[in-house]
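Asks:
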Amino acid sequence: MKALVYGGPGLKSWTDVPDPTLHSPTDAIVRVDTTTICGTDLHILKGDVPAVTVGRILGHEGVGTITEIGSAVSNLTVGDRVIISCIKSCGHCSNCGNGLYSHCLGDEGASGIGWVFGHLIDGTQAEFVRVPYADNSLHKLPEGVSDDQGVMLSDILPTGFEIGVQYGRVKPGDVVAVIGAGPVGLASIATAGLYGAATIIAIDLDENRLERARDFGATDTVVSGAADWKEQVLALTDGAGVDVAIEAVGIPQTFTMATEIVRPGGNVANVGVHGKPVDLHLETLWIQNINISMGLVNANTTKMLLKLVASKKLPAEKLATHHFSFDQFLEAYDTFGRAAETKALKVVISR
């Protein structure tokens, strides 16, 4: 089969590799029909994730069709159309029992690490993929949900909702600011309304992305490059600060921005993946009684979000801005890597 293979920092190739095979009775083999590229894949290609070794097939998002199942798989059959969750779940360990799938203790990849695809085992940017713990790591797609919609439920919609909205403790009537209107930030914006946010402020350097943010539920937008960006945000809160500040970029400056606009007693939810240390000014923050949260998605809300997508309550398909075929994988990476120029949100690659 063909797959997108990591060759070391800055190196990748769409090349021939052996077909995956079942390793365990709980495995399934899935023919990948649609996949996409995540910002984390770009971090890997920069060499920011040393656990990813040369020869690893990248990717952790996908929709496909089951072609083979292990003898212990009981909830799925060959031919089922499924979402591949970005997080493994053995379904039996203490962490999975608590919904903390991101720290599944199953030994696939590594015990205690839920993100294994394209990280510790071969991923979804391939014609076929082996899925461990298939009963718990795959979700059947109902009729009427497209591949474009389904692939957004592999990672970004659960991430934006769980780590941004749930961890941020959004509640009815809140003013929520989302710093970074990329795909995960837009997922936070789209799902903040589920918990009753009254005002949702999108903050970004890119005016095109701010325009798109309104399509996902933003009530107000602020260009973060403006000299008075902070004053604009505070003016939307009667000067008190936002109830919840969601950081969805992953650089020190945007984390600091979040701490500067949250009100006393509010919440800062860090969703962005940081590659560098961030200064935490406890000498000024301690007295504000704020809560700071962060984490890796558990993907324990995927089934619920799938119902909302199926009933047209979440516009998942709007995240898909560019489409490619498998033989255009390198072109898709180039387009996604130049998102500011190409106006890409999620690039969708289909067989």
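Going by my numbering, the residue at position 14 of the sequence shown is 2; the numbering climbs one at a time, nothing skipped. Note that the Cβ used here is the ideal one computed from N, Cα and C, for glycine as well.
1. How about the stretch 316 to 324 and the stretch 118 to 130: do they share at least three Cβ pairs that are nearer than 8 Å?
2. Just mark Leu268 as buried or exposed, buried being the case when its beta carbon has 16 or more other beta carbons within 10 Å.
3. Note the first and the last residue of the continuous beta strand (DSSP E) segment covering Met282.
4. Assuming Val20 and Glu131 form a contact by the criterion Cβ under 8 Å, report the distance between their Cβ atoms to the nearest whole angstrom.
5. Quick check on DSSP: helix, strand or coil for Ala328?
6. What runs of the alpha helix (DSSP H), each 4 residues or longer, lie entirely inside the stretch 245 to 329?
7. Considering just the uninterrupted stretch of the beta strand (DSSP E) at Ala165, what are its terminal residues?
8. Would you decide whether Arg44 is buried or exposed? Buried here means 16 or more other CB atoms lie within 10 Å of its CB.
9. Ends of the alpha helix (DSSP H) at Ala233?
10. Should Ile167 and Asp192 be called a contact, given that it needs their Cβ atoms to be closer than 9 Å?
11. Beta carbon of Gly181, beta carbon of Gly161: below 9 Å?
12. For Asp192, does the three-state DSSP call read helix, strand or coil?
13. Does the structure place the stretch 143 to 157 close enough to the stretch 216 to 225 that three or more beta carbon pairs sit under 8 Å?
14. If we count the other Cβ atoms within 10 Å of its Cβ and call it buried at 16 or more, is Ile275 buried or exposed?
15. If you reduce the DSSP assignment to three classes, tell me which class Leu(-8) lands in.
16. Quick one: residues in its chain with C-beta nearer than 6 Å to the C-beta of Gly106, no 5 flanking neighbours on either side, listed in chain order?
17. Give the secondary structure of Lys375 by DSSP, where H, G and I count as helix, E and B as strand, and everything else as coil.
18. With a CB to CB cut of under 6 Å and the five nearest residues on each side skipped, what residues in its chain are close to Gly97?
19. Please go through the same chain and pick out, in chain order, the residues whose beta-carbon is closer than 6 Å to the beta-carbon of Glu305, but skip the five residues on each side of it.
20. If distances are taken between C-alpha atoms only, which option among Gly283, Val256, Gly87, Leu284 comes closest to Leu273?
21. Could you give the C-beta distance for Val18 and Thr53, rounded to a whole number, given that I count them as a contact under 8 Å?
22. Classify Asp136 as helix, strand or coil using the three-state DSSP reduction.
23. Throw me the rounded Cβ distance for the Ala236 and Gly170 pair, which I believe falls under 8 Å.
24. Return the first residue and the last residue of the beta strand (DSSP E) that Thr53 is part of.
25. Between Gly67 and the rest of its own chain, which residues show a CB-CB distance below 8 Å, the 5 nearest in sequence each way excluded?
Replies: Quick look at the numbers:
1. no
2. Locating residue 268 in the sequence shown gives position 280, where the first residue counts as 1. By the neighbour-count rule (16 or more Cβ atoms within 10 Å), Leu268 is not buried but exposed.
3. Here residue 282 refers to the residue found at position 294 of the sequence shown. From DSSP, the beta strand (DSSP E) with Met282 extends over 279 to 282.
4. By one-based count along the sequence shown, residue 20 stands at place 32. By one-based count along the sequence shown, residue 131 stands at place 143. So it is not a contact: roughly 20 Å between Cβ atoms.
5. Residue mapping note: residue 328 aligns to position 340 of the sequence shown, counting from 1. Note: Ala328 maps to helix in three-state DSSP.
6. 270 to 273, 290 to 298, 317 to 325
7. In the sequence shown, the residue the question calls residue 165 occupies position 177. That run of the beta strand (DSSP E) goes 163 to 167.
8. As a first step, residue 44 must be located in the sequence shown, where it is residue number 56. The residue in question, Arg44, is buried, as its Cβ has 16 or more Cβ neighbours within 10 Å.
9. Counting from one through the sequence shown, the residue named residue 233 turns up at place 245. Segment 230 to 235 is the beta strand (DSSP E) holding Ala233; no alpha helix (DSSP H) there.
10. Reading the sequence shown from its first residue, position 179 is the one you call residue 167. Reading the sequence shown from its first residue, position 204 is the one you call residue 192. Against a cut-off of 9 Å, the Cβ pair of Asp192 and Ile167 comes out as a contact.
11. Taking the sequence shown and counting its residues from 1, the one referred to as residue 181 is at position 193. Taking the sequence shown and counting its residues from 1, the one referred to as residue 161 is at position 173. The answer is no: Cβ separation not under 9 Å.
12. Here residue 192 is taken as the residue at index 204 of the sequence shown, counted from 1. Three-state DSSP puts Asp192 in a strand.
13. no
14. The count along the sequence shown starts at 1 and reaches residue 275 at position 287. Exposed: under 16 other Cβ atoms inside 10 Å.
15. One-based indexing of the sequence shown puts residue -8 at position 4. Three-state result, Leu(-8): strand.
16. Indexing the sequence shown from 1 puts residue 106 at position 118. Closer than 6 Å at the Cβ level, and outside the excluded window around Gly106, lie Leu46, Gly47, His48.
17. Outside the modelled stretch of the chain, which goes from -11 to 339, sits residue 375, for which no answer is possible.
18. On the sequence shown, residue 97 is found 109 positions in, with the first residue counted as 1. So the list reads Val104, Leu108, Ile109, once near-sequence residues are dropped.
19. Indexing the sequence shown from 1 puts residue 305 at position 317. Within the same chain, Glu305 has close Cβ partners Asp136, Gln137.
20. Sequence index remark: in the sequence shown, residue 273 carries index 285 (1-based). Ranking Gly283, Val256, Gly87, Leu284 by Cα distance to Leu273 puts Val256 first.
21. Within the sequence shown, residue 18 is the residue found at index 30, counting from 1. Within the sequence shown, residue 53 is the residue found at index 65, counting from 1. With a Cβ gap of about 7 Å, Val18 and Thr53 count as contacting.
22. Indexing the sequence shown from 1 puts residue 136 at position 148. Correct three-state label for Asp136: helix.
23. For the purposes of this step, residue 236 is identified with residue 248 of the sequence shown, where counting begins at 1. For the purposes of this step, residue 170 is identified with residue 182 of the sequence shown, where counting begins at 1. Yes, Ala236 and Gly170 are in contact; Cβ-Cβ is about 7 Å, under 8 Å.
24. The residue you call residue 53 lines up with position 65 of the sequence shown. Its beta strand (DSSP E) spans residues 50 to 57.
25. The count along the sequence shown starts at 1 and reaches residue 67 at position 79. Around Gly67: Thr53, Ile54.
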